[in-house]
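Protein chains in written order, with the numbering used here: chain S, 1 to 193; chain E, 1001 to 1193; chain Z, 2001 to 2193; chain R, 3001 to 3193; chain A, 4001 to 4193; chain P, 5001 to 5193.
Protein chains: 6
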Amino acid sequence: MSDPISRFPVADPAGLPEPLRERYADVAERSGFLPNVFGALAWRPAEAAAFFAYHDALMDKDTPGLSKGDRELIVVATSAANDCLYCVVAHGAIARIRTRDPHLADQVAIDWRKAPLSPRMHDVLEVAVRLAVDPAAVVPGDLDRLRGHGLTEDDVWDVGAIVGLFALSNRLAHWAAIPPNEEFFLMGRLPRA
Amino acid sequence: MSDPISRFPVADPAGLPEPLRERYADVAERSGFLPNVFGALAWRPAEAAAFFAYHDALMDKDTPGLSKGDRELIVVATSAANDCLYCVVAHGAIARIRTRDPHLADQVAIDWRKAPLSPRMHDVLEVAVRLAVDPAAVVPGDLDRLRGHGLTEDDVWDVGAIVGLFALSNRLAHWAAIPPNEEFFLMGRLPRA
Amino acid sequence: MSDPISRFPVADPAGLPEPLRERYADVAERSGFLPNVFGALAWRPAEAAAFFAYHDALMDKDTPGLSKGDRELIVVATSAANDCLYCVVAHGAIARIRTRDPHLADQVAIDWRKAPLSPRMHDVLEVAVRLAVDPAAVVPGDLDRLRGHGLTEDDVWDVGAIVGLFALSNRLAHWAAIPPNEEFFLMGRLPRA
Amino acid sequence: MSDPISRFPVADPAGLPEPLRERYADVAERSGFLPNVFGALAWRPAEAAAFFAYHDALMDKDTPGLSKGDRELIVVATSAANDCLYCVVAHGAIARIRTRDPHLADQVAIDWRKAPLSPRMHDVLEVAVRLAVDPAAVVPGDLDRLRGHGLTEDDVWDVGAIVGLFALSNRLAHWAAIPPNEEFFLMGRLPRA
Amino acid sequence: MSDPISRFPVADPAGLPEPLRERYADVAERSGFLPNVFGALAWRPAEAAAFFAYHDALMDKDTPGLSKGDRELIVVATSAANDCLYCVVAHGAIARIRTRDPHLADQVAIDWRKAPLSPRMHDVLEVAVRLAVDPAAVVPGDLDRLRGHGLTEDDVWDVGAIVGLFALSNRLAHWAAIPPNEEFFLMGRLPRA
Amino acid sequence: MSDPISRFPVADPAGLPEPLRERYADVAERSGFLPNVFGALAWRPAEAAAFFAYHDALMDKDTPGLSKGDRELIVVATSAANDCLYCVVAHGAIARIRTRDPHLADQVAIDWRKAPLSPRMHDVLEVAVRLAVDPAAVVPGDLDRLRGHGLTEDDVWDVGAIVGLFALSNRLAHWAAIPPNEEFFLMGRLPRA
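Written out as structure tokens, the structure reads:
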């Protein structure tokens, strides 16, 4: 994987304006490396700032109806439906960490229907994948079914917004051919020592 | 069309933080009304700020390889592929104004392949629609073909990023059932007096 | 739109046999122009006679279960599913006039599922679009559902026959690349003075 | 196969107006039975007259570029793509008689791509099936390829018009659930004595 | 049909090891000819032995829940969904003989949904075709529905295994372009003298 | 993952007839566990014997044109196209071991088009996936392209036969809901000590 991280010019994150540069430094420190989607977006600071602000507003949230791990599984299921290597591998890794389950992300990526999910998450993923691949086919009853599982109005909105954000992200990753960092492949697969 | 503008709670834009409130006031003044996507996103200020920042970075740009009108036509073609009423009608209106053509947006929305486009824009829309509906099928040669029409690296990136942003936007509009404002339907169809 | 009205030879309607010539003159007088599908079919008088006879038998009928406007909306929804510019624009115009609604035809063309329709017309369009795009998937219960909305046997037949006739018409328009007349784009969009 | 010949009322052809009654009598005499599509359409004389006039204008023609057998094979291939039992069985029978080949119709119905066809008919069926199932995907080069095989303008038009007419016919047969007459299944399969 | 029976080298069955040679001789004697799938597989004795052993374990079985004729109809319906000429024609012939019905195999091949089937076989074919074309969409309730029609656990397994075996068989026939023997086309169509 | 290994009865492999019992013992010893597809097939000894004989004839072969690792990647790519969790995870593990690459199987499973493959393997996977999902669309030129990469007639046959065998295997795994053994998820991901 000595492939370039993008089909487009790659900028040095050191030149980014604050507070974006800090956001980059923060993720690099926490992860131990800079995820390639950050690197690939660095030549477009305004879009990078908007993208990560949108991301943080939706993904760094833990509610009774939709945990951080649940949110990552939405990303995994819909990104798999879009054949997006970067998002399946990178968010599969994060999902493994957040759900503390070394297998569930792979199960969801390959066949979410048979994955060992709660009825709530089964229905969340069903409607999420439909919104990802055939958005006109979503009907009001789909949202009601999520409400019936205890999702709040905020949670239901988040399901749709996460699907939307990664519809964007998947297409950026395909367009620029952004590969996942090698580290993501193994992350969360081994028991903590 | 007395339908609500969203399936979710709608906030008063007057309560938005600066500079987002200014962005809302600006579009309302220029348009003569607040486009419903602004209204529907107001209850989520962080996402609204990110969304419109992303939008402005891509759409308010006029380059030799990709004019403002061209950018709107990308939105129209891909939003039509996603059956998104809001985006086809609202951006169809903007496309009519920016291309100064009262028919081209409808032609592109219904059958872009037979629309009277330049060879450059024909190829732009072909790859844009493919990225919208089957993103894994985009190949490096698709991007090269756009470069061959004179698009710069920035222009090529923009094609993909616009498709991505409206992949998000289309799904938000479907999820929240955001209707286009009535004003958009007729906008740009009549000759200027 | 100085494009030719067909990829095939175009005959002068003045040379058509009676009563077809009268049918052509009549539509030209009522519309103020000769719709291009008439022009494109003129070189094939037998087919033109059959086509317009079939059309008139189905479309010039107003029943309690299926008004003239309803019939046009079936044409709009299924022609949109077939990406047919001519039929969406021309019959969208007629639908605006017959339903006296300047927006409904566009709503139906882009996303009939969210259009403000009666439950009867929602179900009519659902089964009509299924018959248009996946005809083997129509089941007896689909017809029963229409009967349950008060459609007579004649009305139910008409739904299927209209879908069938425009399955033909859409393919002729694609094959010959028949463009809609410019007049159709604006027709029915402005309030009557 | 004691099933009814239609889901809709069936009229006695004896009551049809001339010259339609004569057309019905003629086919019944030549075939030895009344094909069910005639029976099913009898309750709608205007549509029946138009349908069979359209049919005869396209199918009762033998040109160097498109023989009567070739025309039937277009019907078989596109009707198979639409899963239409009536048209595949009835026109398969006619195709066997007109091509004097007991196997070709079945080969075309199930997998036209591997059927032992001339390069001309291979390309005719390729574009015909595309027009049947994805009409917007037909491009001008498709028609040119048929011209390159020696089809005249009239022949090329006929290819598209036949596809269109049976797009209608297939949907009528699905909608009314018209079964093929038993006689068609065996017709043309046995060597003439 | 003087086409070769395979795109690959064809071995003389006389050189096959026992007991495979006997299996070949047996089918040739019972049929009066060697079905081409036997001929095409002869150059790969290990695969041929495995294939026909698998076949015999599933197809030469007659249970109250799934007769030999029912099993052949599963092959016909799913092979038709895969456009496989060899399997539709050869197993259509066997289905005609085993069901003693000269029309049912054609009806199932072209449109199983409207074929005159028992509710049991209608549901068997529905889930079989889904397993053939969209296997992830099979849900536990599909198997339960078959159990509700009286199929035993063995019968339900057989439905899936037959679909699977012919998913393999269809792909071999497409890959090697194996044509059906001429004899199959007419077999079972004529009343026994 | 305390889920059962099948929706159907599970037999004790100890009761299998020779030489199948030996085959089971052998794989259990080499793997350190009995892969679940062996367990799930044990209640059907004849099918199990045929399945593993077919498997061994195709997969335990190393040729210059198609190595053992290449063969596993065909399984991974086509099983991913069929959303088959068992085959993607189990054969992904074997592919990691045979290619000595900890990432390639995941790359192929999620988006084979952008995976770092030789031109030969890129074309092998392209035609393999087409045979898996749309078998009628395979044309003679597809096989010729593989020959052009140096594959022998045997190798080309093997490509199609492997796709076919796993078309069967994927459907068995979906039908019986066979989960991958936990051990497969991590296998081949860690550097050898």
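We put the beta carbon where it would ideally sit given N, CA and C, even for glycine.
Provide the residue span of the alpha helix (DSSP H) that contains methionine 3059 of chain R, from first to last.
Taken as a continuous stretch (DSSP letters only), the alpha helix (DSSP H) holding methionine 3059 of chain R covers 3045 to 3059.
Please determine if the region 4138 to 4152 of chain A and the region 5134 to 5154 of chain P are in contact, where contact requires at least 3 C-beta pairs separated by less than 8 Å.
no
Using a Cβ-Cβ distance cut-off of 9 Å, determine whether arginine 3192 of chain R contacts chain A.
no
Report the start-end ranges of each alpha helix (DSSP H) in the region 5066 to 5093 of chain P that is 4 residues or longer and not cut off at the edges.
5068 to 5081
Specify the secondary structure class of threonine 4063 of chain A as computed by DSSP and reduced to three states.
strand
Under a CB-based cut-off of 9 Å, is alanine 1077 of chain E close to chain B?
Looking at the structure shown, chain B is missing, and the protein chains on hand are S, E, Z, R, A and P.
Using the beta-carbon count (16 or more within 10 Å), is serine 2118 of chain Z buried or exposed?
exposed
Count the CB pairs spanning the region 5165 to 5173 of chain P and the region 5085 to 5099 of chain P that are closer than 8 Å, and state whether there are at least three.
yes
Is the distance from the Cβ of alanine 5136 of chain P to the Cβ of alanine 5077 of chain P below 9 Å?
No, they are not a contact pair.
Against chain S, does cysteine 1087 of chain E count as a neighbour if the rule is that its beta carbon must be under 9 Å from one of theirs?
No - not a single Cβ of chain S is within 9 Å of the one on cysteine 1087 of chain E.
Whose CA, out of S:Pro102, S:Phe52, S:Ala50, lies closest to the CA of phenylalanine 5184 of chain P?
S:Pro102
What does arginine 1189 of chain E touch in chain Z if you count any residue whose Cβ is under 8 Å from its own?
The answer, in chain order, is Phe2185, Leu2186, Arg2189.
Can you list, in chain order, the stretches of the alpha helix (DSSP H) that have 4 or more residues and sit fully within the region 3133 to 3180 of chain R?
3140 to 3148, 3153 to 3176
Give me the Cα-Cα distance between methionine 5001 of chain P and valine 5027 of chain P, rounded to the nearest whole angstrom.
With a pLDDT of only 43 at methionine 5001 of chain P, under 50, the local geometry of the prediction cannot be trusted, and the value read off the model is given with reservation. Taking the straight line from one Cα to the other gives about 22 Å.
Between the alpha carbons of arginine 5189 of chain P and glycine 5092 of chain P, how many angstroms are there, rounded?
10 Å
When we look at the beta-carbon of phenylalanine 5052 of chain P and count the other beta-carbons within 10 Å, is it buried (16 or more) or exposed?
Burial of phenylalanine 5052 of chain P is indicated by the presence of at least 16 other C-beta atoms within 10 angstroms of its C-beta.
Along chain S, in chain order, which residues have C-beta atoms closer than 7 Å to that of aspartate 5003 of chain P?
Pro116
Check each residue of the region 1153 to 1177 of chain E: if its Cβ is closer than 9 Å to any Cβ of chain S, include it; give the result in chain order.
Glu1153, Asp1154, Val1156, Trp1157, Val1159, Gly1160, Ala1161, Val1163, Gly1164, Leu1165, Phe1166, Ala1167, Leu1168, Ser1169, Asn1170, Arg1171, Leu1172, Ala1173, His1174, Trp1175, Ala1176, Ala1177
I'd like to know whether the C-beta of glutamate 47 of chain S is nearer than 9 Å to at least one C-beta of chain E.
Judged by the 9 Å Cβ criterion, glutamate 47 of chain S is in contact with chain E.
Along the chain, where does the alpha helix (DSSP H) containing phenylalanine 4184 of chain A start, and where does it finish?
4182 to 4186
Verify the CB distance criterion: does isoleucine 4097 of chain A have a CB-CB separation below 9 Å to chain R?
no
Just checking: is the beta-carbon of histidine 2103 of chain Z within a distance shorter than 9 Å of some beta-carbon in chain E?
Yes, because at least one Cβ of chain E sits closer than 9 Å to the Cβ of histidine 2103 of chain Z.
In whole angstroms, give me the CA-to-CA distance for asparagine 4042 of chain A and alanine 1109 of chain E.
Before going on, a small fix: residue 4042 of chain A reads as alanine here, not asparagine. Cα-Cα distance, rounded: 55 Å.
Rounded to the nearest angstrom, what separates methionine 3187 of chain R and isoleucine 3094 of chain R at their Cα positions?
8 Å
Measuring straight from C-alpha to C-alpha, what distance separates aspartate 2158 of chain Z and aspartate 134 of chain S?
29 Å
Ordered along the chain, which non-local residues of its own chain (more than five positions away) have a Cβ less than 7 Å from that of arginine 1100 of chain E?
none
Measure how close the beta-carbons of leucine 3131 of chain R and histidine 2174 of chain Z come, nearest whole angstrom, since I'm counting them as under 8 Å.
7 Å
For my contact list, alanine 1050 of chain E and tyrosine 54 of chain S are in at a C-beta cut-off of 8 Å; report their separation, rounded to the angstrom.
4 Å
Does the separation of the CB atoms of leucine 4125 of chain A and leucine 4058 of chain A fall below 9 Å?
no
Got a sec: which bits of the region 5122 to 5137 of chain P sit with their beta carbon under 8 Å from any beta carbon on chain S, in order along the chain?
Against chain S - using a Cβ distance shorter than 8 Å - the region 5122 to 5137 of chain P contributes no residues.
Can you list, in chain order, the residues of its chain whose CB lies under 7 Å from that of alanine 1011 of chain E, leaving out five sequence neighbours each side?
Answer for alanine 1011 of chain E: Ala1042, Trp1043, listed in chain order.
Return the CA-CA distance between arginine 3098 of chain R and methionine 3121 of chain R, expressed in angstroms with no decimal places.
In a straight line, the C-alpha of arginine 3098 of chain R is about 15 Å away from that of methionine 3121 of chain R.
For serine 5006 of chain P, which of P:Leu5020, P:Gly5039, P:Ser5031, P:Arg5113 has the nearest alpha-carbon?
P:Gly5039
Against aspartate 4106 of chain A, what residues of chain R qualify as contacts under a CB-to-CB distance less than 7 Å, listed in chain order?
Val3089, Phe3185
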